[in-house]
Ligand code: KIV
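Listed below in structure tokens is the structure:
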């Protein structure tokens, strides 16, 4: 079992599809890692999934570090990437370096991910220059929800040129990989063919170099609403709720604990 490193992840482009999933705690990180996923993203989606925030905007650096430390403890093989939350890299290059450095030092993650294309080129370059590997993220960037107004597909029609420029800027700045979120399939294919770094798609079709999903979406834990690009491999919410109901019923009926679960 060879540890996946940043160079190893990058070199996988064109050889084998890359797999990436989010995780936010020790228990799930262990399961995802032992299932052989190449990279674990401690996404700022932790805000929606674990902390009950309506968007990723309120997530703090301390929250990201707290969750990532737990994930790192559960991982032996996967590359661990930590999301830089909103306003942790937007003020200045100095701020981005200070926060990026702190997040890598304190969390144990091996790379950061941040949202934005051309406008973040200097920030990405500055982080790479101080030895912090960066994964870019363009297309639908959830930290921009208040500008976008809703979570919709990006890069349609005339917007495509802008997205291509963003992708090139992220690569030129020195990112080792880039997430393409909610981008038309054909455009994602074009960008993937144009870049020498791997593209990791989420809602960007099958032609990216790899795929990422939010773990809780894959496990069907989040209830009714499911975006078009999400495939749930388990009816997790239903299964868990039924197990809890069974437990409650057995306790109320005096079935659990029986002799098997008692000390003598
Ligand atoms: O925060 C997150 O989970 C992400 C993925 C959806 C790419 O950024």
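Numbering (this note's numbering), first residue to last: 1 to 264. We put the CB at the ideal spot given by N, CA and C, even for glycine.
Asked, Found
"Contact check, residue 195 vs residue 171, beta carbons under 8 Å", "yes"
"The segment 37-57 / the segment 228-235 touching (three or more Cβ pairs under 8 Å)", "no"
"Environment of residue 35 [buried if 16+ CB atoms lie within 10 Å]", "exposed"
"Residues sharing a beta bridge with residue 112, DSSP", "82 and 134"
"Straight-line gap, residue 190 to residue 154 (C-alpha atoms, nearest Å)", "15 Å"
"Reduced DSSP secondary structure (H/G/I, E/B, other) of residue 183", "coil"
"Which of helix, strand or coil DSSP assigns to residue 12", "coil"
"For residue 117 and residue 164, the rounded distance between their alpha carbons", "9 Å"
"Delimiting residues of the beta strand (DSSP E) encompassing residue 22", "18-22"
"Residue from 246, 84, 75 and 242 with nearest C-alpha to residue 56", "84"
"Beta strand (DSSP E) runs contained entirely in the segment 137-162, provided each spans 3 or more residues", "none"
"Residue 267 versus 223, 231, 182 and 37, residue with shortest Cα-Cα distance", "Because the chain here runs from 1 to 264, residue 267 falls outside it and cannot be looked at."
"Contacting residues, own chain, Cβ-Cβ under 8 Å from residue 218 (five flanking each side not counted)", "21, 230, 231, 232, 233 and 234"
"Nearest to residue 157 (by Cα), restricted to the options 144, 178, 169 and 183", "183"
"The ligand KIV heavy atom lying under 7 Å from the CB of residue 43", "yes"
"Interface flag, residue 211 vs chain B, CB-CB below 8 Å", "No chain B is part of this structure, which consists of one protein chain only."
"Proximity test, residue 25 beta-carbon vs the ligand KIV heavy atom, cut-off 7 Å", "no"
"Simplified DSSP assignment, three categories, for residue 59", "coil"
"Buried versus exposed, by CB contacts within 10 Å (16 or more), residue 64", "buried"
"Status (buried if at least 16 other CB within 10 Å, exposed otherwise) for residue 103", "buried"
"Whole-angstrom C-beta distance between residue 68 and residue 109, which should lie under 8 Å", "5 Å"
"Residues bridged to residue 177 [DSSP beta-bridge criterion]", "135"
"Closer than 7 Å: residue 137 CB and nearest the ligand KIV heavy atom", "yes"
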